[in-house]
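Engineer: Handing you a structure now.
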Amino acid sequence: MKVLITGGHISPAIAVIEKLKDEKVFYAGRKYTFEGDKAISLEYQEITKMGIPFFEISTARLQRRFTRHTLISLLKLPAGFFSAYKIIKKVKPDVILAFGSYVSIPVGITGKILNVPLVIHEQTFDAGYSNKMLSRFADKICISWKSSEKYFPKDKIVLTGNPLREEVINASRIKPEKNLLYVTGGSAGSHFINFLVECSIEKLLQKFTVVHQTGASQKYSDFEKLMKKKNESKNRSFLKYKPYKFLNPDDAAKMMAKATIVVGRSGINTVSELIYLKKPALLIPLPFAQHQEQLKNAEFIKSLGLAEDLNEDVLSPKKFTETLLEMYKNINTYRIKRSVLSENAAKDIVAVLRNVT
Numbered sequence: 006m007k008v009l010i011t012g013g014h015i016s017p018a019i020a021v022i023e024k025l026k027d028e029k030v031f032y033a034g035r036k037y038t039f040e041g042d043k044a045i046s047l048e049y050q051e052i053t054k055m056g057i058p059f060f061e062i063s064t065a066r067l068q069r070r071f072t073r074h075t076l077i078s079l080l081k082l083p084a085g086f087f088s089a090y091k092i093i094k095k096v097k098p099d100v101i102l103a104f105g106s107y108v109s110i111p112v113g114i115t116g117k118i119l120n121v122p123l124v125i126h127e128q129t130f131d132a133g134y135s136n137k138m139l140s141r142f143a144d145k146i147c148i149s150w151k152s153s154e155k156y157f158p159k160d161k162i163v164l165t166g167n168p169l170r171e172e173v174i175n176a177s178r179i180k181p182e183k184n185l186l187y188v189t190g191g192s193a194g195s196h197f198i199n200f201l202v203e204c205s206i207e208k209l210l211q212k213f214t215v216v217h218q219t220g221a222s223q224k225y226s227d228f229e230k231l232m233k234k235k236n237e238s239k240n241r242s243f244l245k246y247k248p249y250k251f252l253n254p255d256d257a258a259k260m261m262a263k264a265t266i267v268v269g270r271s272g273i274n275t276v277s278e279l280i281y282l283k284k285p286a287l288l289i290p291l292p293f294a295q296h297q298e299q300l301k302n303a304e305f306i307k308s309l310g311l312a313e314d315l316n317e318d319v320l321s322p323k324k325f326t327e328t329l330l331e332m333y334k335n336i337n338t339y340r341i342k343r344s345v346l347s348e349n350a351a352k353d354i355v356a357v358l359r360n361v362t
């Protein structure tokens with residue numbers, strides 16, 4: 006079976022790829038993380054490292070805000086469909102598996118026009134715009150949560166759960182390290198979270214060893230600024246500050262498992278991994294995520310007893326530091342109240358792929 010995977014959500018994609026070891030897998034995605042920025046995307050790095058052929062899709066991005074890149078981006082839409090056509094004709098896949106994001110739209114629609122079965126996977130509690138659009142063309146729709154059933158045709162739905170990478174499942178055996186704070190903005194990094202760390206790092210280092218995944222944005226050069234601050238400081242506590250542009254999926258899972266507290270955004274894959282690892286977290290939802298998706302995710306994990314969340318629009322470095330120190334003081338109160346995840350989601354998605362081919 007030849008499987009062409011597409012989309013911008015790398016964690017569930019890798020989880021499924023790990024269960025497709027005997028199949029031929031290809032990947033179509035974005036090579037660069039941001040519009041107008043030459044920072045190489047994490048999916049490009051990880052997929053090529055796995056030895057899987059990677060095809061770049063440059064197409065119109067579904068932007069939530071108008072920027073100077075919006076018009077240029079929209080002009081890429083025809084090119085995206087042309088690229089998708091060339092990729093599909095070259096690969097000749099037996100099935101296409103799409104994990105949302107704007108890059109999946111031309112691949113999914115073009116594949117369907119060329120009579121290639123299409124399976125999509127929805128990670129969130131609701132439904133992303135890309136998956137709503139592709140649901141009209143999909144043969145099967147795998148969902149992670151029952152709450153997203155109402156957005157899709159009932160006869161196409163399969164409740165699989167959100168696939169967890171083997172690294173995350175294996176990392177659950179790792180014991181936490183004392184006073185370790187893991188800060189991550191996701192694969193792309195977060196300039197706002199990086200700013201909070203930059204302003205509060207001296208106080209945080211009085212209590213924690215801080216491992217900080219910054220991302221590699223060339224627009225803000227956060228990694229370079231933070232490394233300069235570390236290297237120029239005469240304060241020996243900076244030996245406990247460890248910034249990285251990226252952590253590969255295996256190292257990221259291990260770091261999350263080792264951490265006393267995790268700081269990050271609240272994308273559904275991050276939240277799923279935190280729940281599985283039963284990890285206390287301070288979450289800062291992305292304020293312009295569609296349908297307040299990240300806020301809903303943060304509120305869900307908070308309801309399970311594992312997290313606190315803070316609103317970026319009114320959040321200061323002082324409040325950020327105070328909240329972390331208060332969480333640490335009461336760390337034993339952060340305990341998950343019920344299990345809500347399945348370890349078999351990736352296997353179940355592979356079964357769906359086999360059934361449609």
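Its first residue numbered 6, the sequence shown is counted upward by one per residue in the working numbering. Even for Gly, the Cβ is constructed at its ideal location relative to N, Cα and C. On a predicted model such as this, the values are computed, not experimentally measured, just so you know.
CB-CB under 8 Å to I306, same chain, minus the five flanking residues each way: which ones, in chain order?
Structural biologist: Position 301 of the sequence shown, counted from the start, is the residue given in the question as residue 306. Closer than 8 Å at Cβ, skipping near neighbours: S271, V276, L279, I280, A286, L288 and A312.
Engineer: If you follow the beta strand (DSSP E) that L209 is in, where does it begin and where does it stop?
Structural biologist: Counting from 1 along the sequence shown, the entry for residue 209 is found at position 204. Careful: L209 lies outside any beta strand (DSSP E), inside the alpha helix (DSSP H) at H196 to L209.
Engineer: Skipping 5 residues on each side, what residues in its chain have a beta carbon closer than 8 Å to that of A368?
Structural biologist: A query on residue 368 cannot be resolved here, the shown segment of the chain reaching from 6 to 362 and no further.
Engineer: To which residues does DSSP link A286 through a beta bridge?
Structural biologist: One-based indexing of the sequence shown puts residue 286 at position 281. In DSSP, A286 forms a bridge with V267 and A312.
Engineer: Mind checking whether S135 and S106 have CB atoms under 7 Å apart?
Structural biologist: Position 130 of the sequence shown, counting from 1, holds the residue named residue 135. Position 101 of the sequence shown, counting from 1, holds the residue named residue 106. Taking 7 Å as the Cβ cut-off, S135 and S106 qualify as a contacting pair.
Engineer: Just to confirm, is the Cβ distance from V357 to V112 under 7 Å?
Structural biologist: Locating residue 357 in the sequence shown gives position 352, where the first residue counts as 1. Locating residue 112 in the sequence shown gives position 107, where the first residue counts as 1. Not closer than 7 Å, so no.
Engineer: Decide if Q211 is buried, meaning its Cβ has at least 16 other Cβ atoms within 10 Å, or exposed.
Structural biologist: Here residue 211 corresponds to residue number 206 of the sequence shown, with the count starting at 1. Exposed is the call here.
Engineer: Does DSSP put K145 in a helix, a strand or coil?
Structural biologist: Residue 145 sits at position 140 when you count from the first residue of the sequence shown. Looking at K145 - three-state DSSP - the assignment turns out to be strand.
Engineer: Whose C-beta lies closer than 8 Å to the C-beta of L315 among residues of the same chain, with five residues either side of it excluded?
Structural biologist: Taking the first residue of the sequence shown as position 1, residue 315 is located at position 310. Hits under 8 Å: L287, L288, I289, K324, F325 and T328.
Engineer: According to the neighbour-count rule (16 or more other Cβ atoms, all chains shown, within 10 Å of its Cβ), is G56 buried or exposed?
Structural biologist: If you number the sequence shown from 1, residue 56 lands on position 51. When all chains shown are included, G56 counts as exposed.
Engineer: Whole angstroms is fine: what's the gap from K29's alpha carbon to G85's?
Structural biologist: In the sequence shown, residue 29 corresponds to position 24, counting from 1. In the sequence shown, residue 85 corresponds to position 80, counting from 1. If you take the alpha carbons of K29 and G85, they lie about 23 Å apart.
Engineer: Which residues in the same chain as L5 place their Cβ atom closer than 7 Å to its Cβ, once the five residues preceding and following it in sequence are excluded?
Structural biologist: No answer is possible for residue 5: it lies beyond the span of the chain, which begins at 6 and ends at 362.
Engineer: Kindly indicate the opening and closing residues of the beta strand (DSSP E) around A18.
Structural biologist: Taking the sequence shown and counting its residues from 1, the one referred to as residue 18 is at position 13. Element bounds for A18: not the beta strand (DSSP E) but the alpha helix (DSSP H), I15 to I22.
Engineer: Put Y156 into one of helix, strand or coil per three-state DSSP.
Structural biologist: Here residue 156 corresponds to residue number 151 of the sequence shown, with the count starting at 1. In this structure, Y156 counts as helix in the three-state DSSP scheme.
Engineer: Return helix, strand or coil for K342, following the three-state DSSP convention.
Structural biologist: As a working note, residue 342 is residue 337 in the sequence shown. In this structure, K342 counts as coil in the three-state DSSP scheme.
Engineer: Which of the three DSSP states, helix, strand or coil, is assigned to A193?
Structural biologist: Taking the sequence shown and counting its residues from 1, the one referred to as residue 193 is at position 188. Coil.
Engineer: If contacts are defined as beta-carbon pairs under 8 Å, then N167 and N302 qualify, I think. What distance do you get, rounded to the angstrom?
Structural biologist: Along the sequence shown, one-based indexing puts residue 167 at 162. Along the sequence shown, one-based indexing puts residue 302 at 297. Not confirmed; about 11 Å, so no contact.
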